[in-house]
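For reference, the structure is listed below as structure tokens.
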Amino acid sequence: MFKYSLLALAALALPAASHAQGSYLTSVNTMELQQLSVGLGHTVVETGELGATSIRAQDENGLTYLLLGTACDDNEMNCNGINMQVLYTVENPDYYQINQANLEWSAASVWYDPDSTALGISTYVILDHGQSMDNLELILGVLLSIAPEAVELAQQ
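Heads up: take any position in the sequence shown, counting from 1, add 31, and you land on the numbering used here.
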């Protein structure tokens, strides 16, 4: 009985040990945002443009996107969230179609700022309990695949 109890305790400790090895990010800095983009084969165009923990990057198709650290510490160096955004300049979007895009793709939010004529497609990732870099790459990849279709729909 004692032997099985020890085995059960050891099995419970395994997930904690793998988590402690740093496989999950609970916060990000600029370097990790760059690694996220470069890991997908993308080019980092600019860093720090929209805050200390921010990058502008471009994928292999020329689509430009932003990764913005949010919920940052006092120095804005370590952030507990990432706002991933793709922005387009659109003069007269169809608000009904923007709503349709939001219904079509729940993995992202489609919105319009009339002051800047920016149509944005974004997703927000909370890192409090950890995310793997692989999962962050997947989330960004989904956003980048949704964005061109969402902007096309919003302009119909």
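The beta-carbon is built from N, C-alpha and C at its ideal position, and this holds for glycine as well.
Quantities reported herein were computed from a predicted structural model and do not represent experimental measurements.
Cβ neighbours of Gly72 within its own chain (closer than 7 Å, five residues either side excluded): Glu91. Ile86 is the residue among Ile86, Asp105, Asn106 and Ser137 whose C-alpha sits nearest the C-alpha of Asn114. Here Tyr119 is near Leu150, since their CB atoms are less than 7 Å apart. As DSSP reads the structure, Met115 sits in a beta bridge with Leu98 and Thr154.
Ala139 is a Cβ neighbour of Ile152, given a cutoff of 7 Å. For Pro179, the closest C-alpha among the options Gly93, Leu81 and Asp125 is that of Gly93.
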